[in-house]
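K.L.:
Going down the list, the sequences are from chains A and B. The numbers in UniProt numbering rise by one with no breaks, and the one at position 116 of the first sequence is 116. The numbers in UniProt numbering rise by one with no breaks, and the one at position 330 of the second sequence is 330. Have a look at this one.
Number of protein chains: 2
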Amino acid sequence: MTYGPGSLGQAGEAGVLREVFAALGDPVSPDVLVGPGDDTALLRVRRGAVLATTDTMVRGRDWLDEWSSATDVGIKVVTQNLADLASMGGVGTGLLVSLVADPGLPLAWARELTAAIGGAAGRSGVPVLGGDLSSAPSGVVMVSVTALGELGDGVTRPVLRAGARAGDLLAVSGQLGRSGTGWLLLRQGVLSARSDPEAVALEHHRRPVTDLQRGPEAARAGATAMLDVSDGLVRDADRLARASLVRLELDDDALRSMATALVPAADLADAVTQVLSGGEEHELLATFPPGCVPDGWTVIGRTADADAVDADARQGPGVWLDGDKLDPAQGGWDHFGG
Amino acid sequence: MTYGPGSLGQAGEAGVLREVFAALGDPVSPDVLVGPGDDTALLRVRRGAVLATTDTMVRGRDWLDEWSSATDVGIKVVTQNLADLASMGGVGTGLLVSLVADPGLPLAWARELTAAIGGAAGRSGVPVLGGDLSSAPSGVVMVSVTALGELGDGVTRPVLRAGARAGDLLAVSGQLGRSGTGWLLLRQGVLSARSDPEAVALEHHRRPVTDLQRGPEAARAGATAMLDVSDGLVRDADRLARASLVRLELDDDALRSMATALVPAADLADAVTQVLSGGEEHELLATFPPGCVPDGWTVIGRTADADAVDADARQGPGVWLDGDKLDPAQGGWDHFGG
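Have a look at this one:
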């Protein structure tokens, strides 16, 4: 089989490794004892344990080429992974990058992707340790990142989803609903912003950037539970509530004021929906004892005792708003749309 | 969109996580400080550094459903990753598993896959730390594993590709050509073995199993360079030769006797070709100082000084057989068929 000029297939594996993976840059950290080019990487671990997570983006499911550039995809896949580390109170120490692609994919697209991944990782001080390259059937492009990390300075244990206690405050590290609103705009054919809120929404959907320091900061401040908002506030808060066996009561006013900031990128009703259910926000959601919420976090609710521990019970752990228990299946992103 | 009964799409994300990822089993290692179900895993690291590698299998490229069961795929993807760790002198300490699949994929297939991954990992004493689930366009099924590890007992430093010295012996941990011969048989429509050599070849192609202890054993014995044979002997030996700036001279008699063991699964000429170029063998290839080759390894060549360090020169580093320099592009597997 032959492939067109400038495609991965024409360059061959060695050419792709040389031209595309080189764009990831050489790891500069002294903790990378063995970097790309051997069978595995070897990374120094300073604190006795390593955090590990993985996230994948698939063309046609997680992005559309009409809406997102290779740079957008590269930045987003790095943020997705590093936000997972941050939500444990961790910081990144290394990435592995896998590209699985149709050999007809333009080399230029792949090079832009890996340059963006290398750039985003580098800005966060995280070296790329290595990767893998596989060919895929026609049309398929998939990028998968594994992030390794350690607990941040002064963080003595990971912050889990379980751990919230009755009386804690629920807070978020930044504005919610941006990515969801950006996605709504793209679905409406708005590819270029006509207002500042549209610009913010489109940018955060295409290439979300989270302040990763917020994770270790929350851990040091005494966060009792934490995760990052990847599948929507209600769905992710419900996970935290069920893991902690508590009831989370959202504050209508706080959420409404977040929604207001999104107007006119969306009308208020849609903006509220996106604050509640927009996925891929990658801001951190955490519970704190009263008086412990760090500056810059927004309190959006509180924790109460679940009346029963049966996760399916009407009165059991879950997320509540204005006296109603919210159904996570009605507000969030399900990868298999069940 | 609706999906058929028994598909991933019908089960929905929570159902898939419950029914498919549960088959991976709970990690039983005391070193798993945080296991599946949180934003990241947390794994204890006892020796100050972690090995990390990743490998992906894609339906239609790395396997065909007509030839390989879900169990085959699960075993193979685990071996691929753990052999990479072994080839550094390491042992596995944890796996992350990503499944990226068409929502129309039968749950039963996915469950068989993850059960096989959990089983293969468990037999090697390696816990599954977590994973990721993503949907993909119609027809796509891809499984990606990241393996973490540490240097084995008594191994003080990783064995790299660079490090072979003139005068070393080149040895392999097991029989080569089995997987390649199995692939030839499948291409010829032979799905069931008619002789013991065919059974060995088909089995090793579908579900290769490598003695992972051979890696740390080689490291302790003083191996100067090592990798696993994933893309074919000539291609992988060439990588070792170039990284070490040496010339590897293969021993015709040793290779011919390996080929003979494959007859009648292949005729002798095809068997020689598969010994030289068959990929996915996952046996370990290493150089040792004379007198240091461990029992059970087969010496298949020796190392000589490269006459020049220019990698492109006729007399530079590379692989030689019977006075001829072998072209790695002519003997091995290129993921992008360039």
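Think of the CB as a built atom: it goes at the ideal place given N, C-alpha and C, for glycine as much as any other residue. Just so we're clear, the structure is a prediction, and the values are computed from it rather than from any experiment.
Where does the unbroken beta strand (DSSP E) through M142 (chain B) begin, and where does it stop?
P.N.:
Unbroken beta strand (DSSP E) run through M142 (chain B): 141-151.
K.L.:
Where H204 (chain B) and Q330 (chain A) are concerned, what is the direct C-alpha to C-alpha distance, given to the nearest angstrom?
P.N.:
47 Å
K.L.:
Within 8 Å, do at least three Cβ pairs link the stretch 171-187 of chain B to the stretch 290-303 of chain B?
P.N.:
yes
K.L.:
Is the separation between the beta-carbon of S144 (chain B) and that of S98 (chain B) shorter than 8 Å?
P.N.:
yes
K.L.:
Pick out whichever of A:D132, A:A116, A:R220 has its Cα sitting closest to the Cα of G37 (chain A).
P.N.:
A:D132
K.L.:
Name, going along the chain, the residues of the stretch 92-111 of chain B whose beta-carbon falls closer than 8 Å to a beta-carbon of chain A.
P.N.:
G94, L96, S98, V100, P103
K.L.:
Quick check: what's the CA-CA separation for E281 (chain B) versus V28 (chain A)?
P.N.:
In a straight line, the C-alpha of E281 (chain B) is about 33 Å away from that of V28 (chain A).
K.L.:
Consider the Cβ of residue 402 (chain A): report whether some Cβ of chain B lies at a distance smaller than 8 Å.
P.N.:
As displayed, chain A neither begins before 1 nor continues past 338, which places residue 402 (chain A) out of reach and without an answer.
K.L.:
Note down, in chain order, all residues in the stretch 31-53 of chain B with a beta-carbon under 7 Å from any beta-carbon belonging to chain C.
P.N.:
Reference to chain C is not applicable here, since the protein chains of this structure are A and B.
K.L.:
Using the Cβ count rule (16 or more neighbours within 10 Å means buried), how would you classify L202 (chain A)?
P.N.:
buried
K.L.:
Check the Cβ-Cβ distances between S192 (chain B) and every residue of chain A, and say whether any is below 8 Å.
P.N.:
no
K.L.:
Only counting the same chain, and skipping five residues up and downstream in sequence, which positions put a Cβ closer than 6 Å to that of D312 (chain B)?
P.N.:
Residue placement at D312 (chain B) is flagged as unreliable, the pLDDT there being 48, under the threshold of 50; the coordinate-derived value follows with that caveat. Here the set comprises nothing.
K.L.:
Okay, do the stretch 210-219 of chain A and the stretch 84-91 of chain A touch, 3+ Cβ pairs below 8 Å being the bar?
P.N.:
yes
K.L.:
Check whether chain B comes within 8 Å of G90 (chain A), counting only Cβ atoms and requiring the distance to be less than that.
P.N.:
yes
K.L.:
Enumerate, from N- to C-terminal direction, the unbroken alpha helix (DSSP H) stretches of 4 or more residues contained entirely within the stretch 279-307 of chain A.
P.N.:
Restricting attention to alpha helix (DSSP H) runs no shorter than 4 residues, the stretch 279-307 of chain A encloses none.
K.L.:
L51 (chain B) by DSSP, collapsed to three states: which one?
P.N.:
strand
K.L.:
Look at L33 (chain A) and L42 (chain A) and say whether their C-beta atoms are less than 8 Å apart.
P.N.:
With respect to the 8 Å criterion, L33 (chain A) and L42 (chain A) are classified as neighbours on the basis of their beta carbons.
K.L.:
My understanding is that R239 (chain B) touches L227 (chain B), with C-beta atoms under 8 Å, so please give their C-beta distance in whole angstroms.
P.N.:
About 7 Å separates the two Cβ atoms, so the contact holds.
K.L.:
The alpha helix (DSSP H) with A171 (chain B) in it runs from where to where?
P.N.:
Counting along the chain, A171 (chain B) falls outside any alpha helix (DSSP H), though it belongs to the beta strand (DSSP E) covering 169-172.
K.L.:
What is the residue span of the beta strand (DSSP E) that L129 (chain A) lies within?
P.N.:
128-135
K.L.:
Could you spell out where the alpha helix (DSSP H) holding M226 (chain A) opens and where it closes?
P.N.:
Element bounds for M226 (chain A): not the alpha helix (DSSP H) but the beta strand (DSSP E), 225-228.
K.L.:
So what does DSSP say about W67 (chain A), is it helix, strand or coil?
P.N.:
coil
K.L.:
Buried or exposed for G6 (chain B), going by 16 or more other Cβ atoms inside 10 Å?
P.N.:
exposed
K.L.:
May I have the straight-line CA-CA distance separating D310 (chain A) from V16 (chain B), to the nearest angstrom?
P.N.:
Any answer about D310 (chain A) is weak, because its pLDDT of 47 lies below 50 and its placement is not dependable; what the coordinates show is given next. Whole-angstrom Cα-Cα distance: 21 Å.
K.L.:
Compute the Euclidean distance between the alpha carbons of T273 (chain A) and V20 (chain A), then round it to the nearest angstrom.
P.N.:
40 Å
K.L.:
Going along chain B in order, which residues have a C-beta closer than 8 Å to the C-beta of T56 (chain A)?
P.N.:
S98, V100, D132, S134, S144
K.L.:
What are the residues that DSSP puts in a beta bridge with R59 (chain B)?
P.N.:
B:W63
K.L.:
My output table needs one value for R161 (chain B): the three-state DSSP class, helix, strand or coil.
P.N.:
Looking at R161 (chain B) - three-state DSSP - the assignment turns out to be coil, as it is neither helix nor strand.
K.L.:
Among A:D31, A:S68, A:Q10, whose alpha-carbon lies nearest the alpha-carbon of P208 (chain A)?
P.N.:
A:S68
K.L.:
Bridge partners of P106 (chain A), per DSSP?
P.N.:
A:S7
K.L.:
To the nearest angstrom, how far is it from the Cα of L285 (chain B) to the Cα of A49 (chain A)?
P.N.:
31 Å
K.L.:
Taking only three categories from DSSP, how would you classify S29 (chain A)?
P.N.:
coil
K.L.:
Would you say W67 (chain B) touches the ligand MG, meaning its beta carbon is less than 7 Å from a heavy atom?
P.N.:
This structure simply doesn't include the ligand MG, nor any ligand for that matter.
K.L.:
Kindly indicate which three-state DSSP category S138 (chain A) falls into: helix, strand or coil?
P.N.:
coil
K.L.:
Closer than 8 Å by beta-carbon distance: list the chain A residues that pair up with R61 (chain B), in chain order.
P.N.:
S134, S135, A136, P137
K.L.:
Hey, out of B:G154, B:A223, B:T303, whose CA is closest to L297 (chain B)'s CA?
P.N.:
The sequence as given places Trp at residue 297 (chain B); Leu does not occur at that position. Looking at the Cα atoms, B:A223 is the closest of the given residues.
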